[in-house]
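J.: Numbering (our numbering), first residue to last: 158 to 359. Glycine included, each C-beta is placed from N, C-alpha and C at the ideal position. Owing to the predicted nature of the structure, the values given are computational and were not obtained by experimental measurement.
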Amino acid sequence: MPSFPLFISLEGKRVLVIGAGRVAARKIEKLMLFGPRIDVVAPSATDEVEAWARDGKLSLARRAYRAADLDGAELVIVAADDVALQQQVHHACVERKVPVNAVDSPSWCTFTFPALVVEGDATFGISTAGKAPGVAAGLRAWLQRTLPAGLAEVVRRAHAFRTAADAAGRPDAPHLAAQASLALVEAWAKGDPLPDPALPRA
Numbered sequence: 158m159p160s161f162p163l164f165i166s167l168e169g170k171r172v173l174v175i176g177a178g179r180v181a182a183r184k185i186e187k188l189m190l191f192g193p194r195i196d197v198v199a200p201s202a203t204d205e206v207e208a209w210a211r212d213g214k215l216s217l218a219r220r221a222y223r224a225a226d227l228d229g230a231e232l233v234i235v236a237a238d239d240v241a242l243q244q245q246v247h248h249a250c251v252e253r254k255v256p257v258n259a260v261d262s263p264s265w266c267t268f269t270f271p272a273l274v275v276e277g278d279a280t281f282g283i284s285t286a287g288k289a290p291g292v293a294a295g296l297r298a299w300l301q302r303t304l305p306a307g308l309a310e311v312v313r314r315a316h317a318f319r320t321a322a323d324a325a326g327r328p329d330a331p332h333l334a335a336q337a338s339l340a341l342v343e344a345w346a347k348g349d350p351l352p353d354p355a356l357p358r359a
């Protein structure tokens, strides 16, 4: 069964990461793009995670996981190669109704990490429901090679146009925004100069 792609805001949300090795660092690096408050718990950490902690990008507790670490967490990542720990955290998160991902252990996940391509506010998430992560990674690499530059600017201009249409009180704002967005995307896809949409007279 395919996974449903649900995009949620993590800005300011508490994310608990259990583990601070290389795999955890890759997950943390992705998470930091989306503005959460990241708390890491692990007896030891990679130099990269230690540097992030020194720079104030996350908090790091250099110790083993405790059940109380889940208090206030809105998302949990278990990046530790310990099946018993993965099971323990999974069951606790299910009881608390907190989404949990145990790296490389689909049985102990309530969500999976997509392969991500992020260009400004545009995010592509690719999932194979945990069955073939290599395929998702391959598709991500293909997208990164294939996508033309400038997608972030497409989104910025489309948003600016929609904001202006709404501020003008135009009842046809959704229709106008859809037309402007389509023109921007088509120009971007062709490699043409991006138009600068303007509101037509009412």
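Thinking just about the alpha-carbon of each residue, which of Thr203, Arg171 and Ala340 is nearest to the one in valine 257?
T.: Arg171
J.: Can you tell me which of Ala177, Pro193, Thr320 and Ala241 puts its alpha carbon nearest to the alpha carbon of aspartate 231?
T.: Here the sequence assigns glutamate to residue 231, which means aspartate is not the residue at that position. Here the closest residue by C-alpha is Pro193.
J.: Verify the contact flag: alanine 279, CB atom, against every heavy atom of the ligand NAP, threshold strictly below 6 Å.
T.: The model depicted lacks the ligand NAP and carries no ligand whatsoever.
J.: How about leucine 308 and alanine 279: do their beta carbons lie closer than 7 Å?
T.: yes
J.: Whose C-alpha, out of Ala182, Lys187, Leu188 and Leu190, is nearest the C-alpha of serine 151?
T.: The structure shown has nothing for residue 151, since the chain only spans 158 to 359.
J.: With C-beta atoms as the reference, is valine 292 less than 7 Å away from threonine 285?
T.: yes
J.: Assuming alanine 340 contacts proline 328 (C-beta within less than 8 Å), just tell me the rounded distance between them.
T.: That pair is no contact at about 21 Å.
J.: Quick one: grab the DSSP three-state call for valine 197.
T.: strand
J.: How is valine 233 classed by DSSP in three states: helix, strand or coil?
T.: strand
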